[in-house]
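Student: To convert, take the position in the sequence shown, counting from 1, and add 213; that gives the working numbering.
The beta carbon of each residue, even a glycine, is placed where N, CA and C say it ideally should be.
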Amino acid sequence: MHYFIIPLLYAFFFAFLTAYIAERKGYESHTWFWLGMFLGVIATGILLFQPSKSVPQ
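1) Helix or strand or just coil, what does DSSP make of Met214?
2) Start and end of the alpha helix (DSSP H) containing Ser242?
3) Quick one, are the C-beta atoms of Ile234 and Leu252 less than 8 Å apart?
4) With 16 other CB atoms within 10 Å as the buried threshold, where does Trp247 fall?
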């Protein structure tokens with residue numbers, strides 16, 4: 214059972230972390246959530262190096 218829970222927690226942790234960072238940088242959080250879910254630390258690393266989008270006011 215632990216072999217199933219640990220990867221699931223890992224996936225959800227990076228999914229929410231990546232979505233949060235994407236939201237703060239002005240990117241589509243829904244897309245980045247799924248990228249974070251399936252790519253984990255790779256998606257988070259890619260997003261960290263992306264420039265922030267300018268948000269129109």
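Tutor: Well, looking at it:
1) Taking the sequence shown and counting its residues from 1, the one referred to as residue 214 is at position 1. Three-state result, Met214: coil.
2) Translated into positions along the sequence shown, residue 242 becomes position 29. In the DSSP assignment, Ser242 falls within the alpha helix (DSSP H) that extends over Ser242 to Leu252.
3) Translated into the one-based positions of the sequence shown, residue 234 becomes position 21. Translated into the one-based positions of the sequence shown, residue 252 becomes position 39. The answer is no: Cβ separation not under 8 Å.
4) Taking the sequence shown and counting its residues from 1, one reaches residue 247 at position 34. Trp247 is exposed by the Cβ-count criterion.
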